[in-house]
Structures are given as C-alpha cells and as structure tokens.
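What follows is a single structure, written as structure tokens, with notes after it.
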Amino acid sequence: MEKQSAVDLFARLDQLNRIGAALSRERNIERLLENILEAAKALTGADGGTLYSVTEDRTALRFEIMRTDSLGIRLGGTTGKRIELPDLPLRRPDGAPNDALVAAHTALHGRTVNVADAYAHKGFDFSGTRAFDQRTGYRSQSLLTVPMTDHQGELIGVLQLLNARDPVTGQVVAFSPADQSLSESLASQAAIALSNRLLITQLERLFESFVKLINIAIDEKSPYTGGHCERVPELTMMLAEAADATTTGPLAAFRMSERDRYELQMAGLLHDCGKITTPVHVVDKATKLQTLYDRIGLVDTRFEVAKRDAELEALRAQLALRPVVDAGAEAVALAGLQRELQALDAERDFLRQCNRGVEAMQAAEQQRVRDIAARRQWRNADGVQTAFLSAEEVENLTIRAGTLTQAERDTINYHIVATIKMLEALPWPQHLKRVPEYAGGHHERMDGKGYPRGLTREQMSWQARMMGIADIFEALTAADRPYKSGMKLSQALAIMQRMKHGGHIDPDLFEVFVREKVYQRYADRFLDAEQIDAVDAAGFFTPV
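When we follow my numbering, the leftmost residue of the sequence shown carries the number 524, and every step to the right adds one.
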C-alpha cells in the first residue's frame, strides 16, 4: 500500500511538473486561468472549484472561473458565460479584516485553509455555500483554499477547490496533506505564470498603445490618410485568415499561429509609420497647384488683371477715336475686347480643370498649358510685365496623372524607407522579428520593379505580399482622399486584375482574395453603399 502511495505521489509530481511547463506556455489569460483550476482539480480529484483574482484596487476578490463537474457548471473564462456574483470584499465596512469568508481570510493572511466539512466547521461563514446547496441540491463538504502568490510574495489570486473524491470509491473525502502540498506547489507555479503573463500582456498593451499613438499622430497630421492606417491592417488580417483556411493550391500549406497573427497585425498597424516624416502639404495635395494653399487663386487673379488690362486698352482706343467719332473702328475695338475676354475666360477655365488632376492629361493639353505660359504675360504688383505662369507652376499644371510632381512622389515614397529605418532600429522580441520585413514590403512588386529594395516575389514572404494587396485595394476604394472619390468594387478589382497580370501583385493571393470574397467582407464594413456593386468573381480567374 505504501509502495502504491509512493508511486501515485511520484506520478502526481510528474503531472505537476508537466502542468507547470504547460502553464508557462499559455498566452491567453482566460485559458491560463481555466487551465490552473482544471489542473488543480485533476491533481486532487476535486469535483469543483473557483478561481478568484485580486481586483485592481486590491480591496476584493473577483470571481474569474467556476466549475462543478457533477452539476455541469462551467462559468467564466473562455465559456462566454459571466459569473453573476458580486466581488468578495477583503475588509468589512469598519475596515476590519473580513475573516468570516474563507477565501478573503486566505487572501489576507496568505495561508491555506483545509476544511473537512463546511457544515461542521465553526470558524467561517458558509451561509453562501449552504444557499448554493439549497438552490442546486448539491452537498458542499470538503474545501481547500490556497493563496496564489508570485515570486515577490505578491498576492495574485485565490484557488478554492471543492469536494475531493476518493479515486476508488468516488465518495467525497477531505483533502489530504498530499493534496494540500501539491495544490500549494501548483498555486505557486500558477501565480508566477499568471504574473508573467499579466506583465507581458501589460507590455504588449503598452506597445499597442504606442503604435496607435503613432497612427493618431498621422491622423491628426492628415485626416485624409488616418483611416488608411486603420483599414489596411483589418484588410490584411481578413486576407491572412482566408489564406490560412485555404486547403488547395500554392497556399495549402500556409498556416498561422496566434503569435503569427499578432506579428502580422502589428506590422499592419505600423506599415505607414514613416509617414510621420512626410510633409503634410504633400500628403494632402488635393490639386496640382496646392502647397500650403491652392495657388490657382493667384492664377485667377492674373486673369482678372489681364482682363482689366484688355478693357483699359480697348477704352483707350475708344477715347483716341473720340475726336474723329469713328463708330466702325469703335465696334472693331469692342469686338476685339470681347474676343480677348472670352479667350481669357476659356484659358482660365482650362487651367482650373488642369489643376484638379482628376483625369490623366493628354499631350495636347500639356502643350496648351506651355503655350499659355509662353504667350501670355501680366503686369505684376510692381507694374512689371512678367511671365503669366512660372516654370514651377507649368511643371505642376502639366502633371500627367494625379496631383504630385515626380519630386513630390519621391517625397511620398520615402515614407516606406523611413518606415523600414524606424522599425529596423527597434529591438524586436523573437516573436515580432519579422515586423520590419512585413511592413517594409508593401510597395514592392512581384516582378522586382517596386521600391525601395526592388524585391521579387520569391524574395518576399506571403505576409508582405498580403499587405501589398491590402494597401492597394484600400487606396483604390478609399473615399476620404482629397484628390479622388472611392472606386466601386468592380472597378477596383478590374484594376487589380490588370496589376496581377502586370507583375504588380501576387496572383495566388489575389485569387484567394476574390474566390473567398475577402473584398466583400471588407466592403460591408468599410465602404459606402454606393460603392458596393455586383462583381463577376468567375471572370477574374480567366486568363487575359
């Protein structure tokens, strides 16, 4: 019998070691709490138990997990079923220790309490236990209440076990000294694991808050791109989940762990952090002549001056004819004035249209801007005849597509270089080592013609390629840009189809993006109703 007891004890010690190792690996706080209670129940053969945590102000114990196997009770933790019970105060209203409650007594004094029979015990108030039994028909008997203190002696919580069962007869018995010793060892290991997990969680939340702070700074700097920093990570994760669920084709073996997901999500949130270095007048450039303000107003003023000058010239010509009274010559002068005014108005309307940058300019339109600049002059505030348009204004007004000059595009593109520099300068922990690579690759192309490093498809991770697709689709459909309206779904997908065949985006990921209707889930959450039109998904799988 003694030999069997020793074998059983060694087996339980081995089980305790394995439990301790498993607890240290668990990242999810709720699962960790559940595992602690379930492990204690398994070690001691308890029918039920409760795990309490200490409230933030350290004035009470909060119910975290409740289990009673024979009653089928499973509350708290990952079950999604809340424990509708008030916190247990550690002190009475007069400030005295609340030693009547066994869990509070254990928390206050850091001492294990082992009760053979709650109904026969006189030291604690078990009226709540009796009320529970009366409601459920249960019979609470043996209790083991153990403090959970970390390596610094700080109380983390309380572990309470209920109704130990004899492994042979199944009868409820008292918790043995071995049960108590093993539970105390487990509670100590669990408290350290929980303390470490809470500390890591707090550091992760601090890091996430810092990341969000950067995005808020970008948002405050430019409200037109702030939503981009929020939407791209969401779309990236939608595509990643679809890829993870794929069981056929090139992505059949692609799988992500919880850590992988967290790493990719952080990369998504940080993918544009370098924009904090980009001048706001470039990011927000809604028209071709916009810097700190839209300089088309200056061009308008010059046209008004030119019109006044034309009118004055015509009036002078009329006055010169007064002694002669030549009605025909005056009519010719007035007709010439009207033609000049009409020409000035037409040229002003043309330059205003060019300034919007909504449609790609044709070569003839670009030449017309240059002709206006070469042919026309105006009298400035100093009375000096000068060029109607400066060389810089001509350069901006002849931008072929969009509103940015090449120099401004280079400035915008530098944000990805800044992003990589910023992220590679950080001492990333092992599970976040790939954040710079994921975040820094979203402007690369599959054919090696992207920037800043000119990586090819084979040189990029799946995750970086996912982020590239998310970044492009968000930009095409975004309705909050100052220089364009958001595209409809079918239009955006058609453009991306051409980009796929042009070596811009990954074809396998784009197939998942379309086949699994990732675009639709994203649209339902983030796009305006008028942007969501019918999409012929089958058409995107036919070769062009």
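Glycine residues also receive a C-beta, built at the ideal position from the N, C-alpha and C atoms.
Bear in mind the structure is a predicted one, so any value in this text is a computation, not a measurement.
Query, Result
"Separation of R818 from L857, as counted between CA atoms", "32 Å"
"T668, enclosing beta strand (DSSP E) - first and last residue", "L666 to T672"
"Backbone CA spacing between M524 and G676 [nearest angstrom]", "In this prediction, M524 has a pLDDT of 36, which is less than 50 and means its spatial position is unreliable; nothing more can be read from the coordinates."
"Identified DSSP bridge partners for S576", "R585 and G680"
"Alpha-carbon to alpha-carbon, A627 and A583", "8 Å"
"DSSP three-state assignment for V696, whether helix, strand or coil", "strand"
"Best match in A829, L949 and E931 for proximity to R902 [C-alpha to C-alpha]", "A829"
"N- and C-terminal bounds of the alpha helix (DSSP H) containing N936", "Q929 to E947"
"Anticipated Cβ contact below 8 Å, A713 with M761, distance rounded", "Not a contact, Cβ separation roughly 36 Å."
"Own chain, CB closer than 8 Å to R893, minus 5 neighbours either side, in chain order", "V917 and T921"
"T771 (DSSP reduced to helix, strand or coil)", "coil"
"Buried/exposed call for H1027, threshold 16 Cβ in 10 Å", "buried"
"Check: N551 C-beta below 7 Å from any heavy atom of the ligand ATP", "Among the components modelled here there is no ligand, and therefore nothing to report on the ligand ATP."
"V1035 classed as buried or exposed, judged by whether at least 16 other C-beta atoms fall within 10 angstroms", "buried"
"Residues bridged to N738 [DSSP beta-bridge criterion]", "According to DSSP, which records beta bridges pairwise, N738 is partnered with nothing at all."
"Buried or exposed by the 16-neighbour rule on C-beta atoms within 10 Å, applied to G646", "exposed"
"Beta strand (DSSP E) segment containing I606, residue limits", "That residue, I606, is in no beta strand (DSSP E); it is neither H nor E in DSSP."
"Buried versus exposed, by CB contacts within 10 Å (16 or more), V1067", "With a pLDDT of 41 at V1067, under the threshold of 50, the modelled position of this residue cannot be trusted, and the question is left open."
"Contacting residues, own chain, Cβ-Cβ under 8 Å from M1010 (five flanking each side not counted)", "L999, T1000, I1018 and Q1054"
"Any C-beta of chain C under 8 Å from that of N686", "This model lacks chain C altogether, as it is built from one protein chain only."
"8 Å contact criterion, which V695 and S665 should meet: CB distance rounded", "6 Å"
"Option in H794, L566, Q900 and D807 with minimal Cα separation from E827", "Q900"
"Own chain, CB closer than 8 Å to I935, minus 5 neighbours either side, in chain order", "T801, V805, V806 and L927"
"Cutoff 6 Å; reference L608; Cβ partners in own chain excluding five residues on either side", "F586"
"Contact the stretch 561-572 vs the stretch 720-732: 3+ CB pairs below 8 Å", "no"
"Integer Cβ distance of P959 from L978, believed to fall under 8 Å", "P959 to L978, Cβ: 13 Å. No contact."
"Buried versus exposed call for K526 [16 or more other C-beta atoms within 10 Å across all chains shown]", "With a pLDDT of only 39 at K526, under 50, the local geometry of the prediction cannot be trusted, and no value is derived from it."
"Pick from P952, A987 and V1058 that is closest to M969, judged by C-alpha positions", "A987"
"Length of the line joining the Cα atoms of A1060 and Q1014", "12 Å"
"D1029 in three-state terms, based on DSSP", "coil"
"8 Å Cβ shell around E753 - same chain, five flanking residues per side excluded", "N738"
"Nearest-angstrom Cα separation, counted from G963 out to G971", "14 Å"
"Residues of its chain near M884, where Cβ-Cβ distance is below 6 Å and the 5 sequence neighbours each way are ignored", "R923"
"Residue span of the beta strand (DSSP E) that contains T659, given as start and end", "Element bounds for T659: not the beta strand (DSSP E) but the alpha helix (DSSP H), S650 to T659."
"Contact check, S706 vs V669, beta carbons under 8 Å", "yes"
"First through last residue of the beta strand (DSSP E) which encompasses V636", "V636 to V638"
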